[in-house]
Amino acid sequence: MLVKKYKSKLIALSNPFKDIYTLEFKSLSRYKYYPGQFLHIALDPDYDGSGQWPESRCFSMQSSPDDESVKITYAVKGRFTKQMEEQLHVGSEIWLKLPYGDLFTKDHNKVNTVFIAGGTGITPFLSLFKHSSFTEYSNPRIYLGFRSESYNIYLKELISVKLCDPKFYYEDIDGLLDIDKIFSENGINNDYFISGPPVMIKFFKEKLITQGVPGIQILTDDWE
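Straight run, no breaks: the sequence shown in this note's numbering ends on number 235.
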């Protein structure tokens, strides 16, 4: 799919926890992307859509391609996201560039597919779960970990999704996601999607490989 620049307006902003924000953007032309892809956001107020693309950062899109708007969630970590926190408000106009990535367009087995996400790593999965193409998956197995139940700000969206029956793990009650337990419930024949903090992705992937899961069956959202 062709990468395109979209001048966009911030139409909704929520701040459910300190340093965590969900933003919703809308453009005059409809966004075109596949589930699981990501975008670049630029904040330079002088950029007019032509010339060299300014400094930007990547974010997974959690909205469905069926939606008219595009939604992202981010945590304030570093200079760029701090600038986003300070600069962006409802009505702000910025430039988005998308789409990038091929998380769910790569060849993979859609029977008993395993989805594992930690925290805001759920966002690219939401893009798929809410899209019509999710009906192509037979018996998906979904494992989602959060710091606590209050940090599961996606619960209402997940409940509304057909075929989506996730297992939730809350660190303050259940401890961290247990990749050994997840593997014992699924084995080596299924494809695994993993999204979350880079350290988690690396550790889970290495554990699955040592258990005999072929690397080609482990697909990760680790473009950062």
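All C-beta atoms in this analysis are idealised placements derived from N, C-alpha and C, irrespective of residue type, glycine included.
Measuring only the C-alpha atoms, how far is residue i from residue j?
i, j, result
"Lys213", "Ser80", "32 Å"
"Gln63", "Leu107", "14 Å"
"Phe179", "Asp189", "12 Å"
"Val172", "Leu137", "9 Å"
"Phe115", "Lys82", "18 Å"
"Ile127", "Ile153", "6 Å"
"Leu174", "Pro65", "41 Å"
"Phe36", "Val125", "30 Å"
"Phe28", "Val101", "18 Å"
"Tyr111", "Pro151", "25 Å"
"Gly223", "Ala86", "34 Å"
"Pro177", "Ile227", "24 Å"
"Lys221", "Asp191", "Checking the sequence shown, residue 221 turns out to be Thr, not Lys. Answer to the nearest angstrom: the Cα atoms are 11 Å apart."
"Asn26", "Ser159", "17 Å"
Candidates the options: which alpha carbon is nearest residue i's?
i, options, result
"Leu24", "Phe136, Tyr148 and Gln98", "Gln98"
"Ile133", "Asp30, Gln73 and Gln228", "Gln73"
"Phe70", "Lys15, Ile52 and Gly102", "Ile52"
"Leu155", "Ser144, Ile193 and Tyr111", "Ile193"
"Phe49", "Pro56, Ser40 and Arg68", "Arg68"
"Ile10", "Ile184, Lys216 and Gly186", "One cannot answer for residue 10 here, as it falls past the ends of the chain, which runs 12 to 235."
"Lys15", "Thr33, Pro27 and Gly60", "Gly60"
"Asp57", "Phe204, Lys18, Pro135 and Tyr85", "Lys18"
"Val122", "Glu147, Pro135 and Tyr111", "Glu147"
"Ser75", "Glu104, Tyr44 and Ser206", "Tyr44"
"Cys139", "Asn163, Leu169 and Ser159", "The amino acid at residue 139 is misidentified as Cys; the sequence shows Leu. Answer by Cα proximity: Leu169."
"Tyr165", "Phe145, Pro135 and Ser149", "Pro135"
"Tyr42", "Glu96, Leu109 and Ile105", "Leu109"
DSSP three-state label for residue i, please.
i, result
"Gly226", "helix"
"Thr116", "coil"
"Pro65", "coil"
"Lys216", "helix"
"Gly207", "coil"
"Glu196", "helix"
"Gly89", "coil"
"Tyr154", "strand"
"Pro27", "strand"
"Ile184", "helix"
"Ser19", "strand"
"Tyr162", "helix"
Would you call the CB atoms of residue i and residue j closer than 8 Å?
i, j, result
"His142", "Pro46", "yes"
"Ile205", "Ile229", "yes"
"Glu182", "Phe157", "yes"
"Leu34", "Leu21", "yes"
"Leu219", "Tyr203", "yes"
Since residue i and residue j are thought to touch, with beta carbons under 8 Å apart, how far apart are those beta carbons, to the nearest angstrom?
i, j, result
"Pro208", "Gly89", "Pro208 to Gly89, Cβ: 14 Å. No contact."
"Thr84", "Ile31", "7 Å"
"Leu54", "Gln94", "6 Å"
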